[in-house]
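Working notes, structure below.
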Amino acid sequence: MSTTTTPRVKPFWPPLVAGIVLGLALLLTFVLSGHGLGASGAANDLVATIGLQVAPEATKAHAYLGPRVEEGNPIDSWMIWEIVGVAIGALVAAFMAGRFRIQLDGERSVGSRSRIVKALAGGFLAGFGARVAGGCTSGLGLSGAAALGVAAFVFLGVFFATGMIVSRLVKGV
Amino acid sequence: MFPLNDEGMLSGLLCGILFGYVLENAGFGSPVKLSAQFRLRDWAVFKVMFTAIVVAAAGLWALRFFGYLRPDSIAVPQAALVGAAVGGALVGAGFAIGGYCPGTSVAGVFSGRIDALVFVAGVVAGTAGFSALYGATLKSLKAAGLLVMGDTFADAYEVPDAVMIGILVAALVAVFLLGSWFERRKGGPVTAEEAVAGACQTS
């Protein structure tokens, strides 16, 4: 809340600069791994890992998680390591630019209880939807579009149209 | 010849660190900045995504053209268009309600946002919920609307890659022109100071 003790906040990168660097990072990812960047796949690997701990036999026999578990230890996956990297990269960037601030963002605009409920509900919808689509904004939208996949553009179009409509009905932050 | 198909820890960490570093520097750890795209006040999400798509698509095309990339070696999402549309609607609704998508919520957590941590918990719960409900219905929904000809525009509609990239470049220019016009009319993009201060009553 207080603005008196905060360090100097550096501006965000211009979108063109951020886009070029992100495009080069995505290209490097394709060259190294054969696939693009992602995020929701790591959540699935985490769910498979928890499943193996809690109910190993049921997880191995599960129609959706079983094939994933057969591929190898889901916690030691490229996608999990990538998300660990995202965490490190974001933390370094936020600290270097004086933009790290512990806060419940949206608390002042919609109230803390409403904000927590909306963040949880929004996360649930996004997590569920990403499994239906076979990826999220980064894995299917960004990476799939760079690979010129038809599904990526369908995803991005419907994603944005729905977001515009819902953001007029519900104030998320 | 590329790709190296390196699925190891260092490959994942390196790509992730670059991804997270750009996401935060673009302002995508902030739900205020991200949500402002839906209200057309801040077009950074579109500008950054379109630029990245064009750079990566053109780079892949060039690597292939000069023989550094094996043909058909890059992962392309399966063209199950109904599944992609239904999932896209759910992710879009979740983004509007929660303020993030799965990737940006990680950038949100590591720029100090507790609401982003709650969103991440929701993503894991939603992912687990999908597995719990997985059966014939969800399986067929995932695969619904599959294009039989192929997954890319070249395979499915016989649009050459170079033509698609040209269309994307034109769309990129349009996004920058249109976006900047909207940003001027709607009170400009969300600045780093505004984003760090958090959402307030008026925004």
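Residue numbers (the working numbering), protein chains in the order written: chain E, 438 to 610; chain U, 164 to 366. The C-beta atom is built at its ideal place from N, Cα and C for all residues, glycine as well.
- Leu341(U) has a beta carbon lying at 9 Å or more from every beta carbon in chain E.
- For Arg276(U), there is no enclosing alpha helix (DSSP H), since its DSSP letter is neither H nor E.
- Met312(U) and Arg550(E) have their C-alpha atoms some 49 Å from each other.
- Annotated as proximal: Leu585(E) and Asp324(U), with beta-carbon spacing under 9 Å.
- Taking the beta carbon of Gly292(U) as reference, the chain E residues within 8 Å of it are Phe561, Gly564, Phe565, listed in sequence order.
- When only Cα atoms are considered, Leu232(U) and Ala219(U) end up about 13 Å apart.
- Gly586(E) sits in a strand when the DSSP states are folded into three classes.
- The C-alpha of Ala558(E) is placed about 21 Å away from the C-alpha of Lys305(U).
- DSSP places Gln241(U) outside both helix and strand once states are collapsed to three, so it counts as coil.
- In the pairwise beta carbon analysis, the region 288–300 of chain U is classified as not touching the region 220–229 of chain U: fewer than three pairs are separated by under 8 Å.
- For Ile512(E), the nearest beta carbon of chain U is not closer than 9 Å to its own beta carbon.
- Proximity of Leu489(E) to chain U, defined by a Cβ-Cβ separation below 9 Å, is not satisfied.
- The contact set of Thr466(E) on chain U, defined by CB atoms closer than 7 Å, consists of Cys178 in chain order.
- In terms of beta-carbon proximity, Lys497(E) stays away from the interface with chain U, with every pair separated by 9 Å or more.
- Under the three-pair Cβ rule at 8 Å, the region 520–531 of chain E counts as touching the region 169–180 of chain U.
- Taking CB atoms only, Glu494(E) has no neighbour in chain U less than 9 Å away.
- Taken in chain order, the complete alpha helix (DSSP H) segments of 4 or more residues contained in the region 477–527 of chain E are 477–491, 493–498, 502–507.
- A direct Cα-to-Cα measurement between Asp482(E) and Arg348(U) gives close to 43 Å.
- Counting only Cβ-Cβ distances below 8 Å, Val336(U) has no contacts in chain E at all, with the closest Cβ about 11 Å away.
- In this structure Gly246(U) does not touch Gly576(E) by the C-beta definition: roughly 14 Å separates them, more than the 8 Å allowed.
- The beta-carbon of Ser198(U) is placed less than 9 Å from the nearest beta-carbon of chain E.
- Annotated three-state conformation of Leu453(E) is helix, per DSSP.
- At a cut-off of 9 Å between beta carbons, Pro452(E) contacts chain U.
- Against Gly503(E), chain U offers no close residue; the least beta-carbon distance is about 10 Å (beta-carbon pairs closer than 9 Å).
- Ser303(U) is classed as exposed because its beta carbon has fewer than 16 other beta carbons within 10 Å across all chains shown.
- Under the 9 Å criterion on CB atoms, Pro234(U) is classed as non-interfacial with respect to chain E.
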